[in-house]
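Peer 1:
Protein chains: 2
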Amino acid sequence: MNSIKIFSPSTVANVSCGFDVLGLCLETVGDEMIIKKSEKPGLRITKIEGENLPLSIEKNVAGVAAKSYLYKYPTEIGIEIEIFKKIKAGSGIGSSAASAVGAVYGINELLERTIKRIDLIPYALEGEKLASGQAHADNIAPAMLGGFTLVRDLNSFDIIKLPYPLDLVVTIIHPKIEIKTAHARTILKKQVPLKNVIKQTANIAGLISGLYLEDYDLISRCLNDEIIEKERSLLIPGYNSLKNSALESGALGCGISGSGPSVFAISRGQTKAKEVAYGFKSIVSKLGIDYDIYISKINLNGVKKMINVI
Amino acid sequence: MNSIKIFSPSTVANVSCGFDVLGLCLETVGDEMIIKKSEKPGLRITKIEGENLPLSIEKNVAGVAAKSYLYKYPTEIGIEIEIFKKIKAGSGIGSSAASAVGAVYGINELLERTIKRIDLIPYALEGEKLASGQAHADNIAPAMLGGFTLVRDLNSFDIIKLPYPLDLVVTIIHPKIEIKTAHARTILKKQVPLKNVIKQTANIAGLISGLYLEDYDLISRCLNDEIIEKERSLLIPGYNSLKNSALESGALGCGISGSGPSVFAISRGQTKAKEVAYGFKSIVSKLGIDYDIYISKINLNGVKKMINVI
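If you read the sequences in order, they're chains A and B. Oh and the first sequence: position 142 is 142 in my numbering, straight run, nothing missing. Take the position in the second sequence, starting the count at 1, then add 1000; the result is the number in my numbering.
1. By alpha-carbon positions, which one of A/Ser220, A/Ser209, A/Asp119 and A/Gln270 ends up nearest to A/Ser16?
2. Answer yes or no: does any C-beta atom of chain B fall closer than 8 Å to that of A/Gly258?
3. Which residues, in order along the segment 1136–1162 of chain B, keep a beta-carbon less than 7 Å from a beta-carbon of chain A?
4. In terms of residue numbering, what span does the beta strand (DSSP E) encompassing B/Pro1009 cover?
5. Any beta-carbon of chain A closer than 8 Å to the one on B/Asp1020?
6. 8 Å is my cut-off, CB to CB: does A/Pro165 come that close to chain B?
7. Excluding sequence positions up to five away, which residues of its chain have a Cβ less than 6 Å from the Cβ of A/Ala246?
8. I'd like to know if A/Ala205 contacts chain B, where contact means its C-beta is closer than 8 Å to some C-beta of that chain.
9. Give, in chain order, every residue of the segment 1189–1204 of chain B whose Cβ lies closer than 9 Å to some Cβ of chain A.
10. Can you tell me where the beta strand (DSSP E) holding A/Glu82 begins and where it ends?
11. Quick check: is the beta carbon of A/Cys25 nearer than 8 Å to any beta carbon in chain B?
12. Under 8 Å Cβ-Cβ, which residues of chain B neighbour A/Cys222?
13. Which parts of the segment 174–253 of chain A are runs of the alpha helix (DSSP H), unbroken and 4 residues or longer, counting only runs that do not cross its ends?
14. Establish whether the CB of B/Ser1209 and some CB of chain A are separated by less than 8 Å.
15. In chain order, what residues of the same chain have a beta carbon less than 7 Å from the beta carbon of A/Gly279, not counting five sequence neighbours either side?
16. If we call anything under 8 Å between Cβ atoms a contact, is B/Glu1128 one with B/Ser1096?
17. Look up A/Thr271 in the DSSP assignment and say whether it is helix, strand or coil.
18. Just reading off the beta strand (DSSP E) that B/Lys1067 is part of, what are its end residues?
19. Could you tell me whether any Cβ in chain C is nearer than 8 Å to the Cβ of A/Ile219?
20. Return the first residue and the last residue of the alpha helix (DSSP H) that B/Gly1127 is part of.
21. Check each residue of the segment 223–256 of chain A: if its Cβ is closer than 8 Å to any Cβ of chain B, include it; give the result in chain order.
22. Who are B/Met1033's beta bridge partners in DSSP?
23. When you compare the CB positions of B/Gly1102 and B/Ile1006, do they come within less than 8 Å of one another, or not?
24. What distance in whole Å lies between the Cβ atoms of B/Thr1075 and B/Leu1111, which are believed to be in contact at a cut-off of 8 Å?
25. Just verifying my parser: in three-state terms, what is the DSSP assignment at B/Tyr1164?
26. Give me the chain A residues within the contact set of B/Tyr1212, using Cβ-Cβ distance strictly less than 7 Å, ordered along the chain.
27. So A/Ile227 and A/Asn196 are in contact, right, with Cβ under 8 Å, and what is the actual spacing, rounded?
28. When the Cα atoms are used, what is the spatial distance from B/Ile1057 to B/Tyr1071?
29. Please report the Cβ distance between A/Ala65 and A/Val29, rounded to the nearest whole angstrom; I am assuming they are in contact, meaning their Cβ atoms lie under 8 Å.
30. Which stretch, first to last residue, makes up the alpha helix (DSSP H) that contains B/Leu1110?
31. Can you tell me which of B/Pro1175, B/Ile1187, B/Ile1198 and B/Gly1258 puts its alpha carbon nearest to the alpha carbon of B/Ile1283?
32. With distances taken Cα to Cα, identify the nearest neighbour of A/Gly206 among A/Pro261, A/Leu43, A/Ser99 and A/Gly18.
33. By how many angstroms is the C-alpha of A/Ala100 removed from the C-alpha of A/Pro54?
34. Who are the near neighbours of A/Lys36 in its chain, counting only those whose CB is closer than 6 Å to its CB and skipping five residues on each side?
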């Protein structure tokens, strides 16, 4: 195998009540990467399409992640990466995580190594640090492992894959305004009122319970955020209308995807998810803002080799 | 049936990572109450043994709870309550909750009404308010329902019974110093640093997952508190030694029971729980403090009629 093509998925971090700890993986949009062996030693990014990102290893999320992996697991073989960005940078659906995860997973597969996905996370995280200024794995974990993930403790890479009802469908709208993750983090308050903490812990505990029990009503009651929504939603035009519209369409919950500006809703079944999408489009169109919209089941497996391995 | 005897159990609130939302029910210590029909109309507390508590309905937790229940569900029949307090007031294992729950459940049983346990909680809560100055159900819920409970939302009485491995055993030591719940609440900070909130939500999410999966290691990794332990443990002599001793004896976790001063540890199996108890006794004895100590499985059913119904 001299070349491999991989699909690295977009992800929704936080999922309302799980700020910095919960994330879920999507399947309808993700980056593609071709990773090739080269006779010329060393690591190079040779092509980037879809976004204006630096080719320099040190300045590119995929490059930093790949370099970190190769520092731990060196090879004599030269490696070239081509990146086809489908996830817009700054959209809030894990663009940098997809780059980092794709590079590390892809090189590991290309070299036919048997290192487990969970053990690749630390290297992907090095790339994420470049993008957001600090290590957080709430996009990295679901992109690498798939499904619905809980980052219990990042220092010990204690990450749990949660169960979920397989008919959950996510609607995502990306209003094309840019919010940098690093900026979205600076507007967060450093202190949280105790009463909000109690609500947040009650909701995440209830959500986890609802996921194990496949109790849709319980899941719905728990999909609230008491920590960041108030501040971050101010950066998203029409946020309250989008949320109200999703809930009126029967979504189980609606919130900000990661640090925004993408807004996600979780529904039971495709029909409701499409109704939510219809409402989302109508609201954002009226505001005169361009957008992308996706409807996706939760992606069970995360980053993967595409069928057409070359 | 003219008279009924009931057992109203002690409880552990908070359970480390679940401040104000988690609680579990114990079986080796609880109050007893005799509740009698009387020809003389009205509600009276006719006897209290074991604690110096007021007989006045308005000033007694059981009285306030009973009155609240009877206001909603009136009866022509006179009711007399005898209370045999076995749970020390101010011990931190739900003494006031046991009184409130016992009175409401007991009257409901005596009158042979079919109101469900969950629907009795609001009236018990009125009693708890008298004791702690505010409504919280983290002792009321497990005392009434048994098992391991999550108060997801108190306003809507959204309470979830969690599963747990049946071989969990709780060791409780009550060092006989008094901490009033109301005082223990005033020393809490009104604001929690965001990084602690993230750890707390990760831990409670992991704990719930561990309970569903019966994953003892995960349960153990999650039994930490990031919100109140630092402040409240200062009120408990030898707290750090107690905790270290429990963990060295192989307990899955150790923390403050409710607002203290009782300290609880959760172990897998009776043998470890006894080892924990041995360590606890040794430490508190050396400090010259009198204590009670209990070893108890989690009480699956909560408040109950005793076998010897009169």
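In this text, a Cβ means the ideal position worked out from N, Cα and C, and glycines have one as well.
Peer 2: For this structure:
1. A/Ser220
2. no
3. Leu1150, Val1151, Arg1152, Asp1153, Asp1158, Ile1160 and Leu1162
4. Ser1003 to Ala1013
5. yes
6. no
7. Cys254, Ala265 and Val276
8. yes
9. Lys1189, Lys1190, Gln1191, Val1192, Pro1193, Leu1194, Lys1195, Asn1196, Val1197, Ile1198, Lys1199, Gln1200, Thr1201, Ala1202, Asn1203 and Ile1204
10. Gly78 to Phe84
11. no
12. Arg1152
13. 181–186, 194–213, 216–222, 229–232 and 239–248
14. yes
15. Ser245, Ala246 and Ser249
16. yes
17. helix
18. Note, B/Lys1067: premise wrong, no beta strand (DSSP E); alpha helix (DSSP H) at Val1061 to Lys1072.
19. In the displayed structure, chain C is absent; the protein chains listed are A and B.
20. Arg1117 to Ser1132
21. Ile227
22. B/Ile1006 and B/Ile1083
23. yes
24. 6 Å
25. coil
26. Tyr212
27. 6 Å
28. 13 Å
29. At roughly 20 Å, the Cβ-Cβ gap does not stay under 8 Å, so A/Ala65 and A/Val29 are not in contact.
30. Ser1095 to Leu1110
31. B/Pro1175
32. A/Gly18
33. 14 Å
34. Ser3 and Glu80
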